[in-house]
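In our numbering, the protein residues as written are 188 to 841.
Taking it in order: structure first as structure tokens, then the write-up.
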Amino acid sequence: MSVLQGLLATSTRRVVAVASFAVLLLTAPFLYFAFTLYPFWVNDPNTFVPGSSVVSGDRLVGFNDSHYPSADGQSDQSILEESDSDAFALHPNDHIFRKPQTIRMAWDVTMEERAPDGVKKMVYLINGQFPGPTIEARSGDELVINVYNSISNGDNDGISIHWHGLSMKGANHMDGVVGLTQCAIGPSENFTYQFRIDESQSGTFWYHAHAGLQRADGLFGGLVVHKPTDPGMESDLSTYQYETEKLLLVGDWYHQQADAVFNWYQDSRHYGKEPAPDSFLINGEGSFNCSAAVKARPVLCHSVPKPSIRLADTDRVRVRVVNTGVSSGLTLSISQGAMSLITVDGGNPVGNTPIAAVMGVLYPGERMDIILDNSLHENTQGHSGIRHLGRETELTFALDGENMQIENYALTRIQSFPLVWNERPMGTSWRETKVKPSPTSHILLSEVSGLPATSSSNFPEKPMETSVLYTAMQIRSSFHNRPVGIVNHTSWMIEDPKGKPLLALDPKDWAKATKQPSSIQSLHVPWYQQSGDNRWIDLVLNNMDDKGHPFHLHGYEFYVLAVQSTTQFGGYNPFDAASVDQAGPVNVLNPLRKDTVYVPRRGYAILRFPLNNDGLWLLHCHVLLHQAAGMGMVLRIGEIDLDAKHSASTMCNR
188 MSVLQGLLAT
198 STRRVVAVAS
208 FAVLLLTAPF
218 LYFAFTLYPF
228 WVNDPNTFVP
238 GSSVVSGDRL
248 VGFNDSHYPS
258 ADGQSDQSIL
268 EESDSDAFAL
278 HPNDHIFRKP
288 QTIRMAWDVT
298 MEERAPDGVK
308 KMVYLINGQF
318 PGPTIEARSG
328 DELVINVYNS
338 ISNGDNDGIS
348 IHWHGLSMKG
358 ANHMDGVVGL
368 TQCAIGPSEN
378 FTYQFRIDES
388 QSGTFWYHAH
398 AGLQRADGLF
408 GGLVVHKPTD
418 PGMESDLSTY
428 QYETEKLLLV
438 GDWYHQQADA
448 VFNWYQDSRH
458 YGKEPAPDSF
468 LINGEGSFNC
478 SAAVKARPVL
488 CHSVPKPSIR
498 LADTDRVRVR
508 VVNTGVSSGL
518 TLSISQGAMS
528 LITVDGGNPV
538 GNTPIAAVMG
548 VLYPGERMDI
558 ILDNSLHENT
568 QGHSGIRHLG
578 RETELTFALD
588 GENMQIENYA
598 LTRIQSFPLV
608 WNERPMGTSW
618 RETKVKPSPT
628 SHILLSEVSG
638 LPATSSSNFP
648 EKPMETSVLY
658 TAMQIRSSFH
668 NRPVGIVNHT
678 SWMIEDPKGK
688 PLLALDPKDW
698 AKATKQPSSI
708 QSLHVPWYQQ
718 SGDNRWIDLV
728 LNNMDDKGHP
738 FHLHGYEFYV
748 LAVQSTTQFG
758 GYNPFDAASV
768 DQAGPVNVLN
778 PLRKDTVYVP
788 RRGYAILRFP
798 LNNDGLWLLH
808 CHVLLHQAAG
818 MGMVLRIGEI
828 DLDAKHSAST
838 MCNR
């Protein structure tokens, strides 16, 4: 119709108008095909990449599309039905009672145009999906995942996958960090990640790219490790008294490609101020107000309805929340009712916390598991047989504004999503409403404690050694007045993503594989030579910056003894008496266990853990812009495994 109106507006002759209308009618079927059916036809993922159709082993998972055959070459009906209903509904009962097994997957990574919130951009896909396939496993399972790089458009410097939160014991070379543990998987190349999940690990994890800025353009997905038990024995379902589980991958979203966002951030005219995100996604979906788009930065946008969060109609649901964002922390609230926090960063349990209506802040890389209780609310029946929790109940996510010094007026920083409970089976009655407790107003995740540390480990009263690190974002004239991240006067920047990683090189050659933003800087890799279960360390992270930073340590979980802001410039140094006098309290009774910790501006964190996982492990800020600007440091623990070194070297010699 808009074409016809344009023709009428530019023509004053009726003959032309009638003729144009006739042409439009004749071409309408072709236009319909071109704009609606053709994109699906050309993007048909029915063709497997070379070798990926040969998949064997105990289980084949990860294909939520009917185009992908199962191990026997037939379409997997159960997987298809799951995809059609809810790809982010989890299945603990399929995993907690079985024996450990090998899970084999074949991933084809492509990049195609998508509009997750109504705005088109190029997005990374795994087997045609964004986010990528959800991995469900149990402790002790072996994962064998073949990743094929089929990206054929744009700059393709290669890809990799990191398994965020998994200890990767005995598999340092499978940690997925380009430049450190592997070289990038180049175009038309593949690499098989093979490792066993530690028997002691269970909970909410995720995987994401660790090459360049690809995570910001969608190369990530969920990874849930269920805690096994025996039939009739206590399980997470009985301990926390829930019936079903749901995964929520939530985070900020940029409409420009990540490289363009980073180039803007690196422009000296912007003084190191982070660009604010444009939107917000939950499980790969959002809703952007097209009329709010900035005229100076036009986008291809069409309005899409706000996605709802669908939950199984049971009394209590475990919701596993992952902040997959680039730069922003999240605060979660429920409009009616309450939530209870049970674990953080994997399966690390929290101490007794009250029921709350608001929880936060959850920073990039962090996870939290909460219980939503359906029985605490009024039973109401909505339209089309779908029941809503309470009346117009919503989950609201608020993006933290700390890294938004330059405001984006197109961004809706606080967004609410309706909770929709799936229809109950025919012939069942509604549950009786229970008495609703009064929730506390707010749970601050930074103030949550864990279980008594001595109850489940050989947690020592004092560490055997202490290491102090200082970190900041700085504007360096020697780096053309661009922002650069430093940790103890070193930056983590790789020279060539396709070159040999540090793991494959002798230590004397490590500096050649990396680059520093200044000639006065050099690569520094602290070496903690003595390792073992009884070799405990206190790692002190001092944040000298005027912004907070969520730091993630690969290969380890740690006890958070303290997180404090300090009024004294210079941070906290346990070897400096004056600094110690200014320090806050240290919790050695019930510290929280985590793998990602937020260090506040001008503040510090004290982390205690045993040096029991030899290898090269990256410690870095999980704000992706800061990480890409160099805010990271490699820690060398114990001795490097020669087999891992050989594997890393062999990969890059293909």
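Glycine is no exception: its CB is placed at the ideal position from the N, C-alpha and C atoms.
A straight line joining the alpha-carbon of L631 with that of N840 spans about 49 Å. For T583, the closest C-alpha among the options S709, F475, L519 is that of L519.
Spanning the alpha carbons of A302 and I290 requires a straight line of approximately 32 Å.
Boundaries of the beta strand (DSSP E) around Q381: 377-383. Taken in chain order, the whole beta strand (DSSP E) runs of length 3 or more contained in the segment 661-732 are 669-674, 723-730. Beta-bridge partners of T289 (DSSP): E329.
For H282, there is no enclosing beta strand (DSSP E), since its DSSP letter is neither H nor E. Taking every protein chain shown into account, the CB of M420 has fewer than 16 other CB atoms within 10 angstroms, so this residue is exposed.
T379 and V331 have their C-alpha atoms some 7 Å from each other.
For D693, the closest alpha carbon among the candidates V310, G408, G533, L367 is that of L367. Boundaries of the beta strand (DSSP E) harbouring N510: 503-510, taken from the DSSP string.
Boundaries for H457: no beta strand (DSSP E) harbours it, and the DSSP string shows neither H nor E there. The segment 350-368 makes contact with the segment 798-808; the number of CB pairs closer than 8 Å reaches 3 or more. Just so you know, the alpha carbons of C808 and N510 end up roughly 14 Å apart.
Annotation for L798: no alpha helix (DSSP H) segment contains it, and DSSP assigns it neither H nor E.
The Cβ atoms of K460 and I593 lie closer than 8 Å to each other.
Nearest in C-alpha terms to R285, of all of S375, F407, K414, is K414. For the options G758, P374, I824, the alpha carbon positioned closest to that of L690 is the one of I824. Under the three-state reduction of DSSP, E634 is assigned to helix.
Between N729 and L656 a beta carbon distance of about 7 Å is seen, short of the 8 Å cut, so the two are scored as contacting. In this model, W608 and I558 are separated by some 15 Å (Cα to Cα). One thing to note: H736 has its Cβ no nearer than 8 Å to the Cβ of V821. F745 sits in a strand when the DSSP states are folded into three classes. Each of A792, K781, L436, V727 was checked against the Cα of F745, and the nearest Cα belongs to K781. With 16 or more neighbouring CB atoms inside 10 Å of its own CB, R325 falls in the buried class. The way I'd put it, the segment 429-443 does touch the segment 461-474; three or more beta-carbon pairs between them come closer than 8 Å. Within its own chain, the residues whose Cβ lies closer than 6 Å to the Cβ of D385, once the five positions on either side in sequence are excluded, are S354, K356, listed in chain order. D556 sits in a strand when the DSSP states are folded into three classes. Counting along the chain, the unbroken beta strand (DSSP E) around Q602 starts and ends at 601-608. Buried is the label assigned to I346, since at least 16 other Cβ atoms lie within 10 Å of its Cβ. Between S705 and S665 a beta carbon distance of about 4 Å is seen, short of the 8 Å cut, so the two are scored as contacting. For F407, the secondary structure class from DSSP, reduced to helix, strand or coil, is strand. Note on T580: 16 or more other CB atoms within 10 angstroms of its CB, so buried under the neighbour-count rule. According to the DSSP assignment, L812 belongs to the alpha helix (DSSP H) that extends over 811-815. When the beta-carbon positions are compared, D502 and I529 stay at least 8 Å from each other. If you draw a 10 Å sphere on the C-beta of R456, you find fewer than 16 other C-beta atoms in it, and that means exposed.
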